[in-house]
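Protein sequence lines, in the order shown, are assigned to chains L and C.
In terms of the working numbering, the first sequence has 499 at position 164, counting the first letter as 1, and numbering is strictly consecutive.
In terms of the working numbering, the second sequence has 108 at position 106, counting the first letter as 1, and numbering is strictly consecutive.
Just so you know, even glycine gets a beta-carbon here, dropped at the ideal spot from N, CA and C.
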Amino acid sequence: MRFFGDREEYLAKLRNVTIRDARRKIIAAFSEGDAELIQMVRMLDEIDEVVNLLTEKAVEWYLVRNPGFSRKYKSMSAKRMVGVMKKERGPLGRICAEIDALSDQRATLMRDVSKRTDAVMPNCSALVGGLVAARLMERAGGLSVLAGLPASTIQVLGAEGALFSHLRAGESAPPKHGIIFQHRRVHNAPPGM
Amino acid sequence: MKLIRGTIVSVGEGGVYGERMLNGCRVWDPHRSKLPAAVINGAPLDLTADMRVLYLGAANGTTVSHVADYVETVYAVEFAPPRPMQDLIEVARRRHNIVPIMGDANRPEVYGCFVEAVDMIYQDVAQPNQADILRKNLPFLKNGGIVVLMLKARSVDVRKKSEEVAEETRTALQEMGLTIVWTGTLDPFHRDHTCMICTKGGE
Numbered sequence: 336m337r338f339f340g341d342r343e344e345y346l347a348k349l350r351n352v353t354i355r356d357a358r359r360k361i362i363a364a365f366s367e368g369d370a371e372l373i374q375m376v377r378m379l380d381e382i383d384e385v386v387n388l389l390t391e392k393a394v395e396w397y398l399v400r401n402p403g404f405s406r407k408y409k410s411m412s413a414k415r416m417v418g419v420m421k422k423e424r425g426p427l428g429r430i431c432a433e434i435d436a437l438s439d440q441r442a443t444l445m446r447d448v449s450k451r452t453d454a455v456m457p458n459c460s461a462l463v464g465g466l467v468a469a470r471l472m473e474r475a476g477g478l479s480v481l482a483g484l485p486a487s488t489i490q491v492l493g494a495e496g497a498l499f500s501h502l503r504a505g506e507s508a509p510p511k512h513g514i515i516f517q518h519r520r521v522h523n524a525p526p527g528m
Numbered sequence: 003m004k005l006i007r008g009t010i011v012s013v014g015e016g017g018v019y020g021e022r023m024l025n026g027c028r029v030w031d032p033h034r035s036k037l038p039a040a041v042i043n044g045a046p047l048d049l050t051a052d053m054r055v056l057y058l059g060a061a062n063g064t065t066v067s068h069v070a071d072y073v074e075t076v077y078a079v080e081f082a083p084p085r086p087m088q089d090l091i092e093v094a095r096r097r098h099n100i101v102p103i104m105g106d107a108n109r110p111e112v113y114g115c116f117v118e119a120v121d122m123i124y125q126d127v128a129q130p131n132q133a134d135i136l137r138k139n140l141p142f143l144k145n146g147g148i149v150v151l152m153l154k155a156r157s158v159d160v161r162k163k164s165e166e167v168a169e170e171t172r173t174a175l176q177e178m179g180l181t182i183v184w185t186g187t188l189d190p191f192h193r194d195h196t197c198m199i200c201t202k203g204g205e
């Protein structure tokens, strides 16, 4: 019995099946909840980077306009510095207002990430805190991937550069921690512990 | 392989990923794609219109689209991360001789029902067990068929030199009953890569 008229028809039907199968798997992967969390964490870190860069540039600009200021800003937090610069008249003030708004967005997004992490990975979140948990999951590439990783890998997640240069050249010391360093119990731990 | 003034091209509808066109043909850039890099480095490779190809590690379908321009059918296997697969489906929508398969090259028993006997296996996967993956997929290859293995040494073991990994893989391929007809690096186009071309059984 022949199911298909010719090879062309067979391939067309086969492609229908495999494409539908792939689409179904993609939708399933996206609907797990961790997929959006990954994107949220990446956006958060990117906004961080952008805010820092813009603030740095704005400070240089501000110093040109206020040559006497240079000492003070080093003891000032970046956030406060932006607040001061916001009051400048003209383009610098306008841009600093944008930077300020963006760092407010960042703070809101951070709370969103924590909340989402509590829902997606409640145990890990309770153990190491929402942000650290979310970053670990982001670096692993997914919740089920993270769940299957050995402890030694989780320990150095986020320190891949240091790890691979140690493995390759063997000259530098191996990294002791990656993302987990952001947890206060880790970065406040007494040396030698 | 079709060449225009020393540049490898393929004949097909352009605009897949922003590739340049040359006399109406799609330029196949050795810096972007490993297969033309191997050909430039002397790999005895020819893609012909009657070939059926099993392509492992299809990624977003850049190389796949060029291979499909040359051959009869390409079974393009790509694993999880959804983004490349979405791109691959998009490429396959325009090229009706590509069968995109979302599956793990480590588990051919899962996608085996979609694949038929092929004339060539092209493998480019960034996995530590690259030789093992090939061994598992070898039953799909016809007797006398060709294997093109793009071996990424750094995925196998970062501590070992590219040559060491190549040597180990060479032994593994021979134990599978493959005859290695050509080995070469992909320098200067892709670092730490070795291309191996083998034939299965007979001559």
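- With the rule of 3 Cβ pairs closer than 8 Å, the stretch 377-397 of chain L does not count as touching the stretch 103-111 of chain C.
- Check the Cα spacing between Leu478 of chain L and each of L:Thr390, L:Leu346, L:Glu367: the tightest is with L:Glu367.
- Distance from the CA atom of Ala497 of chain L to the CA atom of Pro510 of chain L, rounded to whole angstroms, is 6 Å.
- Scanning its chain for C-beta atoms nearer than 8 Å, with the 5 sequence neighbours on each side dropped, one finds around Pro46 of chain C the residues Val183, Trp184, Ile199, in chain order.
- Shown here, Val150 of chain C sits in a strand according to DSSP, grouped into three states.
- The DSSP-derived three-state label of Gly186 of chain C is strand.
- Residue state for Pro141 of chain C is assigned as helix, using DSSP reduced to three classes.
- Around the Cβ of His192 of chain C, a 10 Å sphere holds 16 or more other Cβ atoms; the residue is buried.
- One finds Val160, Arg161 in chain C with Cβ atoms closer than 7 Å to the Cβ of Leu502 of chain L, taken in chain order.
- For the pair Ser164 of chain C and Arg172 of chain C, the Cα-to-Cα distance works out to about 12 Å.
- Of all C-beta pairs linking the stretch 54-63 of chain C to the stretch 119-130 of chain C, three or more are shorter than 8 Å, placing the two stretches in contact.
- At a cut-off of 9 Å, the C-beta of Ala370 of chain L has a neighbouring C-beta in chain C.
- Remark: three or more beta-carbon pairs, one from each stretch, lie closer than 8 Å, so the stretch 389-408 of chain L and the stretch 428-437 of chain L are flagged as touching.
- Contact between the stretch 100-109 of chain C and the stretch 72-85 of chain C is present: 3 or more CB-CB pairs across the two stretches fall below 8 Å.
- Scanning its chain for C-beta atoms nearer than 8 Å, with the 5 sequence neighbours on each side dropped, one finds around Thr201 of chain C the residues Gly146, Gly147, Ile148, Val149, Leu180, Thr181, Val183, in chain order.
- Taken in chain order, the complete alpha helix (DSSP H) segments of 4 residues or longer contained in the stretch 353-403 of chain L are 369-400.
- Using beta-carbon distances, Thr353 of chain L counts as an interface residue toward chain C, with a partner under 9 Å.
- Contact with chain C is absent for Leu444 of chain L, since none of that chain's Cβ atoms lies less than 9 Å from the residue's Cβ.
- Taking C-beta atoms under 8 Å as the contact rule, Val93 of chain C and Val66 of chain C qualify, at a distance of about 6 Å.
- Interface with chain C (9 Å Cβ-Cβ cutoff): Ala497 of chain L is excluded.
- Using a Cβ-Cβ cut-off of 9 Å, Val101 of chain C counts as an interface residue toward chain L, since at least one Cβ of chain L sits closer than that to its own.
- Put simply, the backbone Cα of Pro84 of chain C is about 8 Å away from that of Phe365 of chain L.
- Around the beta carbon of Val29 of chain C, a 10 Å sphere encloses 16 or more other beta carbons of the protein chains shown; the residue is thus reported as buried.
- Nearest C-alpha to Ala370 of chain L among L:Leu346, L:Ala461, L:Leu481, L:Ile354: L:Leu481.
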